[in-house]
Amino acid sequence: MSEKHVYSFGKDHAGNDVTEVAGASVEEAKWIVGGKGANLAEMSKIGLPVPPGFSITCQTCVAYSNNGNVWPEGVTDEIDAAMATLEERMGKKLGDAEDPLLVSVRSGAPFSMPGMMDTVLNLGLNDESVQGLIKQTGNERFAWDSYRRFVQMFSGVVMGVSGQLFEDAIAAKKAEKGVKLDTELDANDLRDLVTWFKGIFAANVDVKEHPEVSKNGYAVFPSDPYLQLRLAEQAVFGSWMNDRAILYRKQNKIPDELGTAVNVQVMVFGNKGETSATGVAFTRNPADGTNERYGDFLINAQGEDVVAGIRNTEPIADLVKVSALKEAGEELFHVFEILEDHYADMMDIEFTIENGKLWMLQTRVGKRTALSALKVAIQMYEEGRITKEQAVSRVAPEQLDQLLHPQFDPNAEYKTIAKGLNASPGAAVGAAVFSSADAEAFAEAGKPCILVRWETTPDDLHGMVAAEGILTSHGGKTSHAAVIARGMGAPCVCGVDTLRIDAANKRFTVADSGLVVNEGDVISIDGTTGDVILGAVELVQPELSGDLQTILAWADEVRLDESRGRVIGVRANADNPTDAQTSVDNGAEAIGLDRTEHMFLGERKHLIQDFILADSEDVKQLAIEQLGRAQKGDFLGMFKVMDGKDVVVRLLDPPLHEFLDSPRELDVEIARDEEQGKDTAAKRALLAKFDAFQEANPMLGLRGCRLGLVYPELNVMQVRAIASAAAELKRVGLDPRPEIMVPLVGFEEELIQVREEVEQTIKQVADEYGVELNIPVGTMIELPRAAIMSEEIAKHADFFSFGTNDLTQTCLGFSRDDVESAFMPLYLERKIVKTNPFATLDKGVAELVRMGVEGGRKGNPNLTIGVCGETGGDPESIHMYYNLGLDYVSCSPYRVPIARLAAAQAKIQANGGPQKIATK
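One point on numbering: in full-length UniProt numbering, the residue at position 778 of the sequence shown is 778, and numbering is uninterrupted.
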């Protein structure tokens, strides 16, 4: 835990900056005081107008949580001292009846988690200090508006009272007054609401759970501002472990043990009338990367009004068009330039204008879509702010999934029924659903859905994750729905004000047409244009082009440049010519795994069944000949597509019984035939053969290289097909480059014997065709013994390829086919494992890979080493593989672009991070 628990930022009352630095840089400071605290301090240091305050460290949060939500010794004294210093700096006291100091209490984790944790504004108000606020501002309406907001927010955030109770009260008051907007309520109305809200508090807070607010056995809204502050600080720390925050961290792979900071900051007010405003902005467009002012603002409002979507916002570009706000707006746009120059990135900003004075409440590197990430990275490079390496490092590999997702077919014909804001690009088709619970139910039933809401809240995160896309009738481009959707890469259309959503009856009506859409009706949304369509629109996959192609080309330049460190290749797993072509189109340099067993399926399944079940050598030989001809045709197609590129062909790997029909189904069929008096002798004989091939543990049985040793004709057939295809193509001037991989080797003698047979067959084919065939022979390292004995095995191999699916299975003793339905969800929930080891390389399995690499290179210094398991396309695993010394990774054809980017970033990181240049 950090020795210091509290760091101050901002200026004192005389204008002197008293910011305390929590780290040598913003990056270092964010691990101590969170991203928000670090950036508030940084903005203050560079002279921007920041309301003063202090940050309680993330380490304090962790200690508080680990201590059963009890403050560690001495921490509260340090916090109280920081508060006293803040009061001294401002020349005001919390809760003062003449000139009260009011503060906000906000969260701020090392990683941005928008809307996931709690905030309390206007803290310090009570029945006495509200009068002081009226005296100081001369604005009675503003003071009572701030007070009712505080009671509402404190009750919900700190005490867990349902926010809907307060919204219902506001709605009732507006109905009573005959008005539509909150801003139309006067000071008396708002004072009435304060009293009403306190009654809601008293009726809904359990004093047994919250004895600190008990008076004579009843819950009373706390008037002591220091008690308000302590309870709010505890609530923000506590919100680190709320359900939505936990789910968000899980979705974004943020560790639970980081904790959040608490930022206590002097309040500035955007709700003081027509000369005040609040807003959220980005220095560039986070949806598509256009270099423009982007965001929303509201006049006479507080920040929560903007992101909550309860009022329709104005575009940030129009801020300078409001005469009372023009000067502050021009200053804000200048701040955009200052921040981009300082951070050399697109920034996300929260600001408030109080009586014409601009205040910066927050900045951070802005969350953006993949489309925007690419464009902004390229722009920043072209503007001379960053290097190519920095540009490549700016795009998260996982984001590329967004660009590889479907879009509307440009040739499709459809009619738009409504239009909203294009909040997050991409297209989605699905059944309309009106609650997060229904979204999850539809998804679990395998039914794609679109989550339709008035506006989403952080509690809707689980439904947003389950849905194909999000549609809201309220909220701007910086609303909760928009921000979260962009972060997830989910299409989102928000602010469709013509939609009248009836969530209770699970339907919406389009106001200008009267069209009614019920739950289950299929709709389509386009998050790039904001269009909403009734019915399904045909979707298409985008191509690698434009900014994506540019960044990937830069990534390849870094990845393949020997002068910048060790080269790491990207190959693909492909089993047919179509997948091979897709691999090449996506930038694969070779095929790292061609699983020949996939060629035995479909129409050819009967051939391998004939071989397995043959009663005579003639039948078996005929089946082998037919399989050989079929496989040779496949290899001809594969090698043509991959002309001049390596193709690693794995010999038959799975247990033979996987190619047989289900004995259970045949048993049922026999029972049915016997009931009908049919002769079942032949079927019973067949069932006996099926049963003879069943194994108690087939994944550890007769499979891999063991098959070729027990049935050598299978290996001869496959090798002959590979070599013959290569020989024919060589005759016509092509350059086929097959490599033969022997699977599931555990003993060096297995590889020695299989390799001898393979090389004999290759020589025979070469002699028959009169060509020279140099076909490397290697093995798949997928057993712990093979990794441990890699030095000996490597003496007989030209290459290694780690098969991490089986290596994980045999290392951990987990069945890869059953683990998801058996216990993995529980293991993840209880943090026994941090990630699914079949998706991201486990550290224990990584140790086996390390042993295999080191031993392999000792046994054969010229050994080429790669990986072709599921983790070969996982960005986190790719970083580990680079550091382990692998020459290449191989993954699904559709993940090749992601692997290209991740591999370049792994190389950059391993070499000390991106080379930086001085910013403007």
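Yeah, the Cβ is synthetic: ideal placement off N, Cα and C, and Gly gets one too. Just so you know, these numbers come straight off a predicted model, no measurement behind them.
Reduced DSSP secondary structure (H/G/I, E/B, other) of residue i
{"i": "T919", "result": "The predicted model places T919 with a pLDDT of 41, which falls under 50 and marks its position as unreliable; any figure quoted below should be read in that light. DSSP places T919 in coil when its eight states are reduced to three."}
{"i": "T260", "result": "coil"}
{"i": "W359", "result": "strand"}
{"i": "residue 925", "result": "For the chain, the structure presents residues 1 to 920; residue 925 sits outside this window and is missing."}
{"i": "T804", "result": "helix"}
{"i": "P825", "result": "helix"}
{"i": "P655", "result": "coil"}
{"i": "F799", "result": "strand"}
{"i": "residue 926", "result": "The chain is shown only over 1 to 920; residue 926 falls outside these bounds and no answer can be derived."}
{"i": "K4", "result": "coil"}
{"i": "V710", "result": "helix"}
{"i": "D12", "result": "coil"}
{"i": "S146", "result": "helix"}
{"i": "K834", "result": "coil"}
{"i": "D874", "result": "coil"}
{"i": "K177", "result": "helix"}
{"i": "M699", "result": "helix"}
{"i": "A301", "result": "coil"}
{"i": "D887", "result": "coil"}
Sequence-distant residues of its chain with Cβ nearer than 7 Å to residue i (five each side left out)
{"i": "P784", "result": "T810, C811, L848"}
{"i": "Q909", "result": "H879"}
{"i": "L193", "result": "R148, A169, I170, K173"}
{"i": "D189", "result": "K173, K177"}
{"i": "I788", "result": "M851"}
{"i": "R684", "result": "I670"}
Residue from the options with nearest C-alpha to residue i
{"i": "R755", "options": "V213, E538, Y769, I740", "result": "I740"}
{"i": "I650", "options": "I670, N715, N586", "result": "The sequence given here places Arg at residue 650; Ile does not occur at that position. Answer by Cα proximity: N715."}
{"i": "H462", "options": "M116, V429, E759", "result": "M116"}
{"i": "L403", "options": "D818, R486, W31, D556", "result": "R486"}
{"i": "C868", "options": "F823, T804, K272", "result": "T804"}
{"i": "Y888", "options": "I788, M780, A903", "result": "A903"}
{"i": "G644", "options": "Q694, L734, R604", "result": "L734"}
{"i": "S393", "options": "V157, A377, A588", "result": "A377"}
{"i": "E27", "options": "E42, V18, G15", "result": "E42"}
{"i": "T835", "options": "A482, V429, K173, Q251", "result": "Q251"}
{"i": "V433", "options": "F442, P425, A427", "result": "F442"}
Cβ-heavy atom distance, residue i to the ligand NAD, below 6 Å
{"i": "S129", "result": "You won't find the ligand NAD in this model; it holds no ligand whatsoever."}
Own chain partners of residue i with C-beta closer than 6 Å, once the 5 adjacent residues on each side are dropped
{"i": "R191", "result": "W144"}
{"i": "M1", "result": "Low confidence applies here, because M1 scores a pLDDT of 41, under 50, leaving its location unreliable and the question unanswered by this model."}
{"i": "N911", "result": "G565"}
{"i": "M780", "result": "M741, P743, S801, G803"}
{"i": "E750", "result": "C705"}
{"i": "L901", "result": "P397, A555"}
{"i": "G872", "result": "V889, S890, C891"}
{"i": "I917", "result": "Below a pLDDT of 50, predicted positions are generally treated as unreliable, and I917, at 49, falls in that range; the measurement from the model is reported next regardless. Answer for I917: T387, listed in chain order."}
{"i": "K920", "result": "Since pLDDT at K920 reaches only 40, below the 50 mark, its modelled position is unreliable, and no value is offered."}
Sequence-distant residues of the same chain with beta carbon closer than 8 Å to residue i, five excluded per side
{"i": "A97", "result": "E128, S129, Q131, G132"}
{"i": "Y218", "result": "A202, V207"}
{"i": "E331", "result": "L358"}
What are the start and end residues of each continuous alpha helix (DSSP H) run of 4 or more residues lying completely inside the UniProt domain "PEP-utilising enzyme mobile" (447-530), in chain order?
If we require 4 residues or more, the alpha helix (DSSP H) runs fully inside the UniProt domain "PEP-utilising enzyme mobile" (447-530) come out as 461-466, 480-488.
Within the segment 387-457, note down every full beta strand (DSSP E) run reaching 3 residues or more, in order along the chain.
416-419, 421-424, 427-433, 449-453, all fully within the segment 387-457.
Could you say if the segment 729-744 and the segment 764-780 meet the contact criterion of at least three C-beta pairs nearer than 8 Å?
Look at the beta carbons and you see the segment 729-744 touching the segment 764-780: at least three pairs across the two are nearer than 8 Å.
Evaluate contact between the segment 878-892 and the segment 559-577, counting only Cβ atoms and requiring at least three cross-stretch pairs below 8 Å.
Between the segment 878-892 and the segment 559-577, the count of Cβ pairs shorter than 8 Å is three or higher; the stretches touch.
May I have a chain-ordered list of the alpha helix (DSSP H) segments no shorter than 4 residues that lie completely inside the segment 623-692?
Fully enclosed alpha helix (DSSP H) runs of 4 or longer: 663-675, 681-692.
Taking three-plus beta-carbon pairs below 8 Å as touching, is the segment 521-537 in contact with the segment 383-401?
Taking a cut-off of 8 Å for Cβ pairs, the segment 521-537 and the segment 383-401 do not touch, as fewer than three such pairs fall below it.
Contact between the segment 268-276 and the segment 139-155: three or more CB pairs below 8 Å?
Taking 8 Å as the limit for Cβ pairs, the verdict is that the segment 139-155 does touch the segment 268-276.
Which runs of the beta strand (DSSP E) at least 3 residues long sit entirely within the segment 327-387? Give them in chain order.
Within the segment 327-387, the complete beta strand (DSSP E) runs of at least 3 residues are 347-354, 357-365.
In chain order, each alpha helix (DSSP H) run of at least 4 residues that lies wholly inside the segment 525-602:
Listed in chain order, the complete alpha helix (DSSP H) runs (minimum 4 residues) inside the segment 525-602 are 546-559, 577-585.
Scan the segment 214-257 and note each continuous alpha helix (DSSP H) run of 4 residues or more that stays entirely inside, going in chain order.
Those alpha helix (DSSP H) runs which fall completely within the segment 214-257 and span 4+ residues are 225-239, 243-252.
Does the structure place the segment 329-339 close enough to the segment 365-376 that three or more beta carbon pairs sit under 8 Å?
The segment 365-376 is not in contact with the segment 329-339.
Looking at C-beta atoms only, is the number of pairs between the segment 548-559 and the segment 847-867 that lie closer than 8 Å three or more?
No, the segment 548-559 is not in contact with the segment 847-867.
Pair every Cβ in the segment 167-181 with every Cβ in the segment 119-135, then say whether three or more of these pairs are closer than 8 Å.
The way I'd put it, the segment 167-181 doesn't touch the segment 119-135; fewer than three beta-carbon pairs between them come closer than 8 Å.
At which residue ranges does the segment 9-90 contain complete alpha helix (DSSP H) runs of 4 or more residues, listed in the order of the chain?
Listed in chain order, the complete alpha helix (DSSP H) runs (minimum 4 residues) inside the segment 9-90 are 26-45, 58-66, 75-90.
Counting Cβ pairs closer than 8 Å, one from the segment 220-228 and one from the segment 10-30, do we hit at least three?
These segments do not touch.
Cβ contact check for the segment 414-434 and the segment 445-454: 3 or more pairs under 8 Å:
Note that the segment 414-434 touches the segment 445-454; at least 3 beta-carbon pairs, one per stretch, sit closer than 8 Å.
Can you confirm whether the segment 291-299 touches the segment 85-104 when touching is taken to mean that 3 or more C-beta pairs between the two stretches lie within less than 8 Å?
They do not touch, by the three-pair rule.
Tell me, please, whether the segment 407-421 touches the segment 510-528 by the rule of three or more beta-carbon pairs shorter than 8 Å.
Touching, yes.
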